[in-house]
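Mapping of the sequence shown onto this note's numbering: residues 196 to 731, in sequence order. Here is the structure we will look at, set down as structure tokens.
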Amino acid sequence: MSHPDAQISSTGPLLLRKRPPIFLLVPAIFVAVCMFIPLVYLFVRAGQAQPDQLLELVFRPRNLELLWNTLLLTAGVLMICSFLAFPLAWLVTRTTIAAKGWLTVLAVVPLAVPGYVMAYALLGIGGNLGVLSQLFGIRIANISGYWGAVWALSLYTFPYLFLNLRAALMGLDTSLEESAQSLGYSRWEVLLKVILPHLLPAILAGYLVVGLYVLGDFGAVALMRYEAFSYAIFTQYSGAFDRIYAAWLSIMLLALAGMFLLMEAYVLKRKRLASVGSGVGRAVSPKPLGAWQPLAWLYVAFVFMASIGMPVAMLGYWLFLAPPDISVFWQVPVTFMHSALAAMPAALLAVVLALPLCFLSVRYPSSVTRLLERSAYIGYALPPLTLGLAMVFFALQTAFFFYQTLGLLIIAWTIATLALAMGPIRSALLQMRPSTEEAAYALGYTPAATFWHVVFPRLRRAVLAALALVFLFCMKELPITFLLAPTGYSTLAVTVFSRTTEGLMAEAAPFAAAIVLFSGLSVGMVLNREAQKGAR
């Protein structure tokens, strides 16, 4: 007997039910409501300001200074990222440079060194107690302030731009360049007038990821003592206890992030970059470097020594040449377990909530399901410090018993990473043919039974990938953890930040090394999986 809600087509296979099942719709609506909670309570807290106080808070001269500092920091990071990423992407896609596979892998490895660990490494170079002074007697000023924050964030985030540029360069039709050269364009003119305009979507996509990360970063900015919006929000909340001002600063930061999204959409709105001819695009033919080869390898050495060699060398110095007391090393497994015991429930919860959202958007597309799916991106788009502060306001005004509990931290992490968990699951669902599910309906399976016995077993790899992505994010996450973790509950990230802030570089080293080692293994597993896919 066929399922009562299934419909038979006289010209095609059995169609899926048109109405979303209630067991998927209810959790999806619950997720959408949860996503709006931080925004609601952030505006509720900000709305507690009196009219005269509101004018003073919003138009305070310091806000313009924070805005300028934040924009200047973002511009500096984007500039340095471009300098690091574009030539490297060009070398591995358009030249005959040796070991392209290894260079590509090394270009992704810096993602294993979070911005606050990179800042820790930079801070350990200069000063009277720095590595240069202790080993070579060279005394330089501490690397801090604006340029310290710029380099710490750039060395961590440039792989995002590199990956976008590499993919775009590999997919670019070289006939366009050949046509321009046949018309008398020089190589520089081809680069500026043909290649760069066609790379614009990839550049803007990379800039958007990097820019949003810089706006929401707290660790590197705080360690470098650079007064951007995120650092000011934290100091107002923790030091001055002016939570209404902190709420308004968070809203300003949120508006700034929204402007980045609107600017990217506006620039790309009317861009038409696809080929209109009927021919087939030709793959790129790598060109020999010739006399440029020594300079190219010097550049490659600089990039990898700065992004990988420098933090590894700093950690090696504090671990082996100036190690902390042995008791510090025994604290690392306990702190690691603190991080893992909070990260694993958050990863599981994010995946459980992502499954109904993805299934609804793929199998039951409609304006309602699209709205539910897009609501999941609110938490990912919110700057982490803004999200953490909003959850603090929610707990204090609605559920005080929840304040500074592990449960609140897990929920905040889930909100922040739900969109991250949806990526692999949604991709897997799009690749699955619905015919098996249609057959299950025809055999009388209920929607719940079909999902559990037919769909879910085919999503196991995607679910594991989503779990790994969210788990890795939570293990490295700092701003939300710093605001919401229970008193005395120290994670690896919080421990590194706290001890570096106090100048205890040696005591922070084992915890920073644990983060880099764990993140490096996770990045290596992802790269190995991608290599296996490519081999197939």
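C-beta: ideal position from N, C-alpha, C; glycine also.
Neighbour-count burial assignment, leucine 279, 16 or more Cβ in a 10 Å radius: Sequence index remark: in the sequence shown, residue 279 carries index 84 (1-based). Here leucine 279 is buried, its C-beta having at least 16 other C-beta atoms within 10 Å.
Neighbour-count burial assignment, arginine 558, 16 or more Cβ in a 10 Å radius: In the sequence shown, the residue the question calls residue 558 occupies position 363. Buried, because 16 or more other Cβ atoms sit within 10 Å of the Cβ of arginine 558.
Residues of its chain near tyrosine 355, where Cβ-Cβ distance is below 6 Å and the 5 sequence neighbours each way are ignored: As a position in the sequence shown, residue 355 is number 160, starting the count at 1. Excluding positions up to five away in sequence, the list reads Gly401, Val404 and Val405.
Span of the alpha helix (DSSP H) around glutamine 329: Walking along the sequence shown from the start, residue 329 turns up at place 134. Taken as a continuous stretch (DSSP letters only), the alpha helix (DSSP H) holding glutamine 329 covers 326-331.
Enclosing alpha helix (DSSP H) for alanine 363 [first to last residue]: By one-based count along the sequence shown, residue 363 stands at place 168. First-last of the alpha helix (DSSP H) with alanine 363: 340-366.
Length of the line joining the Cα atoms of tyrosine 341 and valine 228: Counting from 1 along the sequence shown, the entry for residue 341 is found at position 146. Counting from 1 along the sequence shown, the entry for residue 228 is found at position 33. Distance from the CA of tyrosine 341 to the CA of valine 228, rounded to the nearest whole angstrom, comes to 39 Å.
Threonine 732 - DSSP class collapsed to helix/strand/coil: Nothing in the structure corresponds to residue 732, since the chain is present only between 196 and 731.
Where the alpha helix (DSSP H) containing threonine 695 begins and where it ends: Here the question's residue 695 lines up with position 500 in the sequence shown. Start and end: 687-696.
Limits of the alpha helix (DSSP H) - the one that serine 562 falls within: Here residue 562 refers to the residue found at position 367 of the sequence shown. Residues 562-570.
Range covered by the alpha helix (DSSP H) that runs through histidine 648: Locating residue 648 in the sequence shown gives position 453, where the first residue counts as 1. For histidine 648, there is no enclosing alpha helix (DSSP H), as DSSP marks it with neither H nor E.
Other residues of its chain near isoleucine 338: CB distance less than 7 Å, five sequence neighbours each side excluded: In the sequence shown, counting from the first residue as 1, residue 338 sits at position 143. Annotation for isoleucine 338: Leu317, Leu318, Ile320 and Gly321 place their beta carbon closer than 7 Å to its own, counting only its chain and skipping 5 residues before and after.
Enclosing alpha helix (DSSP H) for glutamate 251 [first to last residue]: Counted from its first residue, the sequence shown places residue 251 at position 56. DSSP places glutamate 251 inside the alpha helix (DSSP H), whose first and last residues are 246-253.
N-terminal and C-terminal residue of the alpha helix (DSSP H) that tryptophan 492 is part of: Numbered from 1 along the sequence shown, position 297 holds the residue referred to as residue 492. Residue range 488-499 is occupied by the alpha helix (DSSP H) that includes tryptophan 492.
Proximity winner among Leu350, Gly366 and Val300, relative to serine 480 (alpha-carbon distances): Reading the sequence shown from its first residue, position 285 is the one you call residue 480. Looking at the Cα atoms, Gly366 is the closest of the given residues.
C-beta atoms of tryptophan 608 and alanine 535 nearer than 9 Å: Within the sequence shown, residue 608 is the residue found at index 413, counting from 1. Within the sequence shown, residue 535 is the residue found at index 340, counting from 1. By the CB criterion at 9 Å, tryptophan 608 and alanine 535 fall outside the cutoff.
Span of the alpha helix (DSSP H) around isoleucine 232: One-based indexing of the sequence shown puts residue 232 at position 37. Run containing isoleucine 232: 217-241, per the alpha helix (DSSP H) assignment.
Neighbourhood of valine 239 by C-beta distance below 8 Å, restricted to the same chain and skipping five residues each side: Position 44 of the sequence shown, counting from 1, holds the residue named residue 239. Within the same chain, Cβ atoms closer than 8 Å to the Cβ of valine 239 are found at Phe588 and Gln592, the five residues on either side in sequence being excluded.
Endpoints, alpha helix (DSSP H) assigned at tryptophan 513: For the purposes of this step, residue 513 is taken as residue 318 along the sequence shown, with counting starting at 1. Unbroken run through tryptophan 513: none, as it is neither H nor E.
Element boundaries [alpha helix (DSSP H), containing arginine 656]: Against the sequence shown, residue 656 aligns to sequence position 461. Residue range 655-671 is occupied by the alpha helix (DSSP H) that includes arginine 656.
Neighbourhood of lysine 671 by C-beta distance below 7 Å, restricted to the same chain and skipping five residues each side: On the sequence shown, position 476 is the one that residue 671 refers to. Spatial neighbours of lysine 671 in its own chain (CB-CB distance under 7 Å, excluding positions within 5 residues in sequence) are listed in chain order as Pro309, Ala688, Ile710 and Ser714.
Pairwise C-alpha distance: alanine 284 and alanine 294: To locate residue 294, count along the sequence shown from 1; it is residue 99. To locate residue 284, count along the sequence shown from 1; it is residue 89. Rounded to whole angstroms, alanine 294 to alanine 284 spans 13 Å at the Cα level.
Top-ranked residue by Cα proximity to leucine 395, from Leu364, Ser717, Ile521 and Ala427: The residue labelled residue 395 in the question sits at position 200 within the sequence shown. The residue with the shortest Cα to Cα distance from leucine 395 is Leu364.
Alpha-carbon to alpha-carbon, alanine 450 and leucine 699: One-based indexing of the sequence shown puts residue 699 at position 504. One-based indexing of the sequence shown puts residue 450 at position 255. Spanning the two alpha carbons is a distance of roughly 36 Å.
Best match in Glu568, Ala452 and Ala590 for proximity to isoleucine 232 [C-alpha to C-alpha]: Taking the sequence shown and counting its residues from 1, the one referred to as residue 232 is at position 37. Cα-wise, what sits closest to isoleucine 232 is Ala590.
Neighbourhood of proline 199 by C-beta distance below 6 Å, restricted to the same chain and skipping five residues each side: Here residue 199 is taken as the residue at index 4 of the sequence shown, counted from 1. Note that proline 199 scores 42 on pLDDT, short of 50, meaning its location in the model is unreliable and no value can be drawn from it.
Distance between isoleucine 292 and threonine 427 (C-alpha atoms, nearest Å): One-based indexing of the sequence shown puts residue 427 at position 232. One-based indexing of the sequence shown puts residue 292 at position 97. Just to set this straight, residue 427 is alanine in the shown sequence, not threonine. Rounded to whole angstroms, alanine 427 to isoleucine 292 spans 45 Å at the Cα level.
Close beta carbons around glycine 472, own chain, < 7 Å, minus the five adjacent residues each side: Residue 472 sits at position 277 when you count from the first residue of the sequence shown. Any reading at glycine 472 must be qualified, since the residue scores a pLDDT of 44, below 50, and its modelled position is unreliable; the value itself is stated next. Excluding positions up to five away in sequence, the list is empty.
Neighbourhood of tryptophan 443 by C-beta distance below 6 Å, restricted to the same chain and skipping five residues each side: By 1-based counting over the sequence shown, the position of residue 443 is 248. Ala241 and Leu252.
For lysine 482, the residue or residues it bridges with in DSSP: As a first step, residue 482 must be located in the sequence shown, where it is residue number 287. For lysine 482, which the question treats as bridged, DSSP gives the partners Thr290.
Nearest-angstrom beta carbon gap, leucine 261 and glutamate 422 [assumed within contact, 8 Å]: Position 227 of the sequence shown, counting from 1, holds the residue named residue 422. Position 66 of the sequence shown, counting from 1, holds the residue named residue 261. Rounded, the Cβ-Cβ distance is 7 Å, consistent with contact.
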